[in-house]
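S.K.:
Protein chains: 2
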Amino acid sequence: MSLESAVETAVREGCARAKAASRRMALATTAQKNALLARISPAIRASKPALLAANAEDLAAADGKGVAPALRDRLRLDDGRLEALAKAVDEVAALPDPVGETVTETVRPNGLRVTRVRAPLGLIAMVYEARPNVTVDASVLALKTGNAVVLRGGSEAIASNRALAALVRQALVDEGLPEDALVLLGTEREAIGALCVQSETVDLLIPRGGEALIRYVTEHARVPVVQHYKGVCHTYLDAGAPVETAVRIVVDGKLARPSACNATECLLVDATDAARLLPPVVAALRAAGAELRGTDAVRAHVEGMTAATDDDFGMEFLDNRLAIAVVDGLDGALTHIARYGSGHTEAIVTPSAANAARFRSAVDAACVVVNASTRFHDGGELGLGAEIGIATSRLHWRGPMGLEALTTMKWLVDGEGQIRG
Amino acid sequence: MSLESAVETAVREGCARAKAASRRMALATTAQKNALLARISPAIRASKPALLAANAEDLAAADGKGVAPALRDRLRLDDGRLEALAKAVDEVAALPDPVGETVTETVRPNGLRVTRVRAPLGLIAMVYEARPNVTVDASVLALKTGNAVVLRGGSEAIASNRALAALVRQALVDEGLPEDALVLLGTEREAIGALCVQSETVDLLIPRGGEALIRYVTEHARVPVVQHYKGVCHTYLDAGAPVETAVRIVVDGKLARPSACNATECLLVDATDAARLLPPVVAALRAAGAELRGTDAVRAHVEGMTAATDDDFGMEFLDNRLAIAVVDGLDGALTHIARYGSGHTEAIVTPSAANAARFRSAVDAACVVVNASTRFHDGGELGLGAEIGIATSRLHWRGPMGLEALTTMKWLVDGEGQIRG
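Going down the list, the protein sequences come from chains A and B.
Take the first sequence: its position 53, counted from the start at 1, is 52 in numbering that gives the first Met the number 0, and no numbers get skipped.
Take the second sequence: its position 367, counted from the start at 1, is 366 in numbering that gives the first Met the number 0, and no numbers get skipped.
In structure tokens form, the structure reads like this:
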């Protein structure tokens with residue numbers, strides 16, 4: 000056996016403590032778990048000064064290092080953000096508990112009753128960056144579903160994360176539940192690699208962050224991973240799309256929140272209707288502040304557009320930039336999306352029910368949107384309540400991961416002495 | 000980039016061809032997929048002489064190497080087994096197609112209709128040993144759900160597997176579907192390692208076989224894996240268990256098919272009722288040919304029993320041997336099962352509804368059985384129809400993997416111009 004570093008030992012022991020706690024969490028009743036969550040939101044509200052002081056430490060350290068404004072903004076807590084965090088906890092508390100829910104139930108010809116129910120997953124590990132609210136969001140979703148959680152947040156948020164985790168751990172103690180149902184790991188880089196190999200204890204590992212982090216985890220994991228890869232989302236304007244609807248959906252998709260993974264990164268327009276659709280859509284996008292890159296076929300319809308390069312397609316810009324291409328109808332759009340899409344969210348604007356149906360079945364993505372904005376691919380918007388992220392994996396879960404995504408199943412067989420023979 | 004061996008190239012190219020075929024399979028209608036399966040069972044029946052000749056080659060090679068009788072038996076095809084194989088295909092054809100099925104459907108306050116439907120997983124890879132019927136069983140389950148499949152069977156069955164795979168591929172061609180929806184790989188050992196890293200193409204890898212194979216795949220996989228680990232299944236006789244029921248369930252659990260993963264490997268008996276339960280249960284087990292190993296507390300109740308060693312607990316015997324222990328009531332049983340069980344199948348025989356309920360919720364296993372035999376944990380018995388195996392994983396699927404387990408989900412959002420803002 001190779002020698003373990005101090006960080007590896009700390010990760011292994013932290014996971015073992017959390018795994019033991021998960022066994023007690025699995026037996027907690029819905030009432031107990033809701034009572035736990037009901038302690039967390041008032042604690043956040045009551046601890047605002049201490050939480051803001053911890054966050055100020057992180058911000059001062061970030062300023063000392065001269066971090067980018069976008070990162071500083073993700074790191075920053077204020078009164079409003081803490082209030083939103085507390086509210087999010089209350090919303091999770093109000094959601095139905097999936098644990099114990101019957102998924103299927105049948106009585107077999109021999110009289111056996113077979114019930115498939117949802118059960119807690121066990122120990123969920125999460126690696127994330129910057130945003131301290133994830134510490135609470137991920138914890139309450141995992142705890143509500145009877146799991147324990149091991150968190151490895153970014154070093155830039157360590158003081159904020161410690162303060163928030165301490166508050167959740169205190170709520171666990173106050174509710175008579177094991178405090179190790181939340182274990183916050185150190186921020187050493189090595190801790191990520193160590194987490195990847197805790198196959199004795201970790202049931203699910205969720206990396207959230209840049210593509211490099213997700214690739215590293217996927218490459219090194221000996222535990223099951225659900226990925227949250229980038230969103231290279233397209234909106235396709237089909238022949239006959241109403242101009243006003245097209246404009247609204249494209250402007251919202253690109254510009255309502257350009258840094259979101261469900262933002263539209265590429266606009267596709269049917270060649271036969273591009274002369275009608277492109278000029279007003281481009282004018283609206285420009286007026287709203289988008290920076291456009293078009294193919295030659297696009298530039299033939301509008302003045303003064305920068306030429307797109309090959310790199311502009313399949314690119315997650317995460318800013319105001321939008322790539323635009325003219326395609327050969329629905330088939331052209333499907334080919335383009337199959338080549339450049341990331342399987343996250345794809346939208347069509349069309350008056351044709353037949354084309355909508357074909358788009359829905361032919362596009363291989365977590366979410367397919369007809370006549371609405373790509374921005375709707377989000378747990379809250381799809382009716383799940385809070386989410387731990389949006390899975391681009393195909394196994395276990397795909398799309399917004401709410402409470403149900405944090406459960407596994409258990410088969411219950413009830414008999415009166417039956418044997419198989 | 001490191002140089003690829005010829006085997007690695009063959010695996011990578013085989014997976015790429017199958018992945019391309021999976022995109023066409025995903026668009027096949029239920030009628031087309033059923034028509035495909037309807038070609039396979041008559042083809043098996045019509046090709047019996049050729050299939051038996053291929054199998055005879057494998058058997059002759061096996062005899063030349065002097066393989067164990069149990070392996071030879073798993074390898075062997077005969078008229079009855081081919082008939083059973085054809086019948087299994089017909090049964091899968093008759094099952095409902097889960098692809099496109101609505102799992103949840105809601106209309107949001109803004110009028111968006113949100114539908115979660117089942118979609119094909121993509122490319123399923125399977126590594127297995129000995130039994131040639133798996134070549135057909137796995138293929139038809141994967142094809143019925145609109146997937147493609149890459150198979151790496153054992154070298155001992157290569158002639159049989161080639162003959163069966165050729166027949167399925169011919170049926171694909173005859174139905175106008177891509178023949179590469181089934182790709183049979185070579186039997187080189189290196190092919191397993193190469194399959195483990197096909198993350199560009201393989202969506203799910205299922206290893207079926209001994210623990211060493213499963214551990215190797217889990218350790219080396221860069222693709223999602225669903226494990227089928229061993230079954231160390233317990234049957235616990237609670238205080239007041241009716242003797243006649245206890246006898247029937249334990250004898251069936253242990254002896255009906257000792258080589259199955261859902262066979263009972265260990266009998267637990269409540270200490271307060273052991274004097275009543277043990278003598279008749281032991282007598283019946285002995286009469287039926289079981290070889291018993293008991294703790295001292297067990298041996299105090301019955302004559303002439305071999306002493307169990309520590310190694311007898313947590314052991315998957317796969318033969319007539321049964322370990323027996325006396326435990327301190329339900330809590331003692333739960334502790335024993337948590338320590339030694341493999342999370343596969345656990346049973347209780349009890350007259351107490353309260354104890355049954357506690358056992359059901361406290362035992363962490365894929366299947367929990369009350370007052371029936373552990374042997375019922377099987378896709379057919381639980382009403383799923385055919386299965387590709389029994390998953391002991393917690394992620395994606397747990398328990399018998401039928402058609403539904405070979406699908407992922409897709410979120411469909413239908414609007415009339417809604418934006419999120």
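Even for Gly, the Cβ is constructed at its ideal location relative to N, Cα and C.
Mind listing the chain A neighbours of residue 105 of chain B? Cutoff is C-beta to C-beta under 9 angstroms, in chain order.
M.R.: Residues of chain A passing the Cβ test: 381, 382.
S.K.: With burial defined as no fewer than 16 other Cβ atoms inside 10 Å of the residue's Cβ, what is the status of residue 101 of chain B: buried or exposed?
M.R.: Residue 101 of chain B comes out exposed.
S.K.: Among the candidates B:314, B:148, B:232, whose CA atom is the shortest distance from the CA of residue 14 of chain B?
M.R.: Comparing Cα-Cα distances from residue 14 of chain B to each of B:314, B:148, B:232, the minimum goes to B:148.
S.K.: Would you check if the distance between the CB atom of residue 319 of chain B and the CB atom of residue 290 of chain B is smaller than 7 angstroms?
M.R.: Yes, the Cβ-Cβ distance between residue 319 of chain B and residue 290 of chain B is below 7 angstroms.
S.K.: Is the beta carbon of residue 122 of chain A sitting closer than 7 angstroms to the one on residue 201 of chain A?
M.R.: Yes.
S.K.: Can you confirm whether residue 400 of chain A, when its beta carbon is compared against all beta carbons of chain B, has any partner nearer than 7 angstroms?
M.R.: No - not a single Cβ of chain B is within 7 angstroms of the one on residue 400 of chain A.
S.K.: Take residue 254 of chain B and list the residues in its own chain whose beta-carbon comes closer than 7 angstroms to its own, dropping the five residues that flank it on each side.
M.R.: Excluding sequence neighbours, residue 254 of chain B sits near 287, 288, 289, 319.
S.K.: Would you grab the beta carbon distance between residue 97 of chain B and residue 406 of chain B for me? Rounded to a whole angstrom, and I think it's under 8 angstroms.
M.R.: Confirmed, Cβ separation roughly 5 angstroms.
S.K.: Run through chain A and tell me which residues come within less than 7 angstroms of residue 121 of chain B, C-beta to C-beta.
M.R.: Near residue 121 of chain B (Cβ distances below 7 angstroms), the residues of chain A are 393.
S.K.: Do residue 416 of chain A and residue 244 of chain B have their CB atoms nearer than 7 angstroms?
M.R.: Cβ atoms of residue 416 of chain A and residue 244 of chain B: closer than 7 angstroms.
S.K.: Give the straight-line distance between the Cα atoms of residue 409 of chain A and residue 138 of chain A, rounded to the nearest whole angstrom.
M.R.: Going from the Cα of residue 409 of chain A to the Cα of residue 138 of chain A covers about 23 angstroms.
S.K.: Which residues in the same chain have their Cβ closer than 8 angstroms to the Cβ of residue 178 of chain B, if we skip the five residues on either side of it in sequence?
M.R.: The residues are 20, 168, 169, 171, 172.
S.K.: What are the start and end residues of each continuous alpha helix (DSSP H) run of 4 or more residues lying completely inside the stretch 264-295 of chain B, in chain order?
M.R.: As far as the stretch 264-295 of chain B is concerned, its whole alpha helix (DSSP H) runs of at least 4 residues are 273-286.
S.K.: Considering just the uninterrupted stretch of the beta strand (DSSP E) at residue 56 of chain A, what are its terminal residues?
M.R.: Looking at the DSSP string, residue 56 of chain A is not in any beta strand (DSSP E); the run it does join, the alpha helix (DSSP H), is 47-64.
S.K.: DSSP on residue 29 of chain B, reduced to helix/strand/coil?
M.R.: Reduced to three states, the DSSP call for residue 29 of chain B is helix.
S.K.: Is the number of C-beta pairs between the stretch 383-397 of chain B and the stretch 390-401 of chain A that are closer than 8 angstroms three or more?
M.R.: These segments touch.
S.K.: What first and last residue would you give for the alpha helix (DSSP H) that runs through residue 173 of chain A?
M.R.: Element bounds for residue 173 of chain A: 157-173.
S.K.: Could you tell me which of B:3, B:229, B:166, B:326 sits nearest to residue 274 of chain B, measuring between CA atoms?
M.R.: The shortest C-alpha separation from residue 274 of chain B is found at B:326.
S.K.: Alpha helix (DSSP H) containing residue 260 of chain A: first to last residue?
M.R.: Looking at the DSSP string, residue 260 of chain A is not in any alpha helix (DSSP H), and its letter there is neither H nor E.
S.K.: Would you report the Cα separation of residue 65 of chain B and residue 155 of chain B, rounded to the nearest angstrom?
M.R.: Roughly 12 angstroms separates the two Cα atoms.
S.K.: Is it true that the CB of residue 411 of chain A sits closer than 7 angstroms to the CB of residue 367 of chain B?
M.R.: Yes, the Cβ-Cβ distance between residue 367 of chain B and residue 411 of chain A is below 7 angstroms.
S.K.: Based on Cα-Cα distance, which residue from A:278, A:39, A:163 lies nearest to residue 323 of chain A?
M.R.: Of the listed residues, the one whose Cα sits closest to residue 323 of chain A is A:278.
S.K.: Quick one: which chain A residues come within Cβ less than 8 angstroms of residue 366 of chain B?
M.R.: Within 8 angstroms Cβ-Cβ: 409, 410, 411, 412.
S.K.: From the DSSP output, which residues share a beta bridge with residue 236 of chain B?
M.R.: Residue 236 of chain B is bridged to B:268, B:348.
S.K.: Start and end of the beta strand (DSSP E) containing residue 229 of chain A?
M.R.: Residue 229 of chain A -> no beta strand (DSSP E), and no H or E assigned at all.
S.K.: Under 7 angstroms, Cβ to Cβ, is there at least one residue of chain A near residue 370 of chain B?
M.R.: Yes, residue 370 of chain B lies at the interface with chain A (some Cβ there is under 7 angstroms from its Cβ).
S.K.: Could you give the first and the last residue of the continuous beta strand (DSSP E) run that contains residue 414 of chain A?
M.R.: From DSSP, the beta strand (DSSP E) with residue 414 of chain A extends over 406-417.
S.K.: So the beta strand (DSSP E) residue 150 of chain B belongs to, where does it begin and stop?
M.R.: Where residue 150 of chain B is concerned, the enclosing beta strand (DSSP E) stretches over 147-151.
S.K.: Output yes or no for whether 7 angstroms exceeds the beta carbon distance between residue 216 of chain B and residue 206 of chain B.
M.R.: Yes.
S.K.: Taking a Cβ distance cut-off of 7 angstroms, strictly less, list which residues of the stretch 231-252 of chain B are near chain A, in chain order.
M.R.: Within the stretch 231-252 of chain B, the residues whose Cβ lies closer than 7 angstroms to some Cβ of chain A are 244, 247, 248, 251, listed in chain order.
S.K.: Name the chain A residues that come within less than 8 angstroms of residue 217 of chain B, Cβ to Cβ?
M.R.: The contacting residues are 198, 221.
S.K.: To the nearest angstrom, how far is the alpha carbon of residue 257 of chain A from that of residue 317 of chain A?
M.R.: Each residue's Cα considered, the two are about 5 angstroms apart.
S.K.: So that I know if they touch, is there some Cβ in chain A lying closer than 7 angstroms to that of residue 43 of chain B?
M.R.: No, residue 43 of chain B lies away from the interface with chain A (no Cβ there is under 7 angstroms from its Cβ).
S.K.: So, for residue 311 of chain B: in the same chain, excluding its five sequence neighbours on each side, which residues have a beta-carbon less than 7 angstroms away from its beta-carbon?
M.R.: So the list reads 292, 322, once near-sequence residues are dropped.
S.K.: Excluding the five sequence neighbours on either side, which residues of its own chain have a C-beta within less than 6 angstroms of the C-beta of residue 125 of chain A, listed in chain order?
M.R.: Hits under 6 angstroms: 137, 150, 205.
S.K.: In terms of residues, what are the limits of the beta strand (DSSP E) holding residue 104 of chain A?
M.R.: Element bounds for residue 104 of chain A: 101-106.
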